[in-house]
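Below: one structure, written as structure tokens.
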Amino acid sequence: MKYLSELIKSFLAGLMISLGGIAFLSNERVVGALLFTVGLCTVVFFKLSLYTGKVGYLLENDKTYCLMTLLSICGNFLGCLFVGFAKSPIGSVVEICTAKLGKSIPSALFDGFMCGILIYVSVEIYKKKGTFLGILVAIPAFILCGFEHSIADMFYFVNSRLLFSSENGPRSALFLLVIIVGNAIGGLLIPALLKTSEQLETPKKQ
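Numbered according to the working numbering, the sequence shown spans residues 1 to 206.
Encoded structure:
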């Protein structure tokens, strides 16, 4: 039953990130970037399962957590699929997704990596301080910098219908996979380096 529970919470997380995506696409860029934060604020408040929010904590958890994190990708995608198809293509979403596909794999990986760092920072601040301040700063920052969030991109590519087109479908799927990997590397960077730093500072037993 825990896997079903995870699927439900991750579906809801995908739905909420999609709602943030709609807010972003429906408004001027800066305003849209601020309104996008409603998605992650809802995710952390209701303790939903968002892949990008979970992946940064892999090092401090067991194999079950790793499986749950992978499962969350499926649930997140289902949430994005539901909302993305329910809405007709919004604003310039087709042009936005086409531009994303123009990025090279290294560039896309880097943009996913940088987004992963900012997502980890925003979630960690909420976990440690109980404030949405990190989210309200870090999330608009990654959007305005052009960094890539894998779950938001799932919604954009579903809503644009490019993910299911014969011409752009495979390229879109590859792009999303690259961003998923980039988000993971970025999300794990800070905890991995801090753990290494702590080990270096700990005196070795003689």
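Even for Gly, the Cβ is constructed at its ideal location relative to N, Cα and C. All values reported here derive from a predicted model rather than from experimental measurement.
Open item on the list: Buried or exposed for leucine 144, going by 16 or more other Cβ atoms inside 10 Å?
Closed with: exposed
- [ ] Take the Cβ of glycine 186 as the centre, count every other Cβ of all protein chains shown within 10 Å, and call the residue buried at 16 or more, exposed below.
- [x] buried
- [ ] Excluding the 5 residues preceding and the 5 following alanine 33 in the sequence, name in chain order all residues of the same chain whose CB lies nearer than 7 Å to its CB.
- [x] Phe24, Pro140, Ile143, Leu144
TODO: For my contact list, leucine 162 and cysteine 97 are in at a C-beta cut-off of 8 Å; report their separation, rounded to the angstrom.
DONE: 5 Å
Task: C-alpha distance - asparagine 168 paired with leucine 101, whole-angstrom precision - done: 9 Å
Open item on the list: Can you give me the C-alpha to C-alpha distance between proline 191 and glycine 56, rounded to a whole angstrom?
Closed with: 7 Å
Task: Contacts around leucine 133, its chain only, beta-carbon distance under 8 Å, and the 5 residues preceding and following it disregarded - done: Ile125
Open item on the list: So, at 6 Å on beta carbons, what are the nonlocal neighbours of serine 10 in its own chain, with the 5 sequence-adjacent residues on each side left out?
Closed with: Ser49, Ser72, Gly75, Asn76
- [ ] Using beta-carbon positions only, say whether leucine 70 and glycine 182 come within less than 8 Å of one another.
- [x] no
- [ ] Go ahead and label asparagine 61 buried or exposed: buried means 16 or more other beta carbons lie within 10 angstroms of its beta carbon, across all protein chains shown.
- [x] exposed
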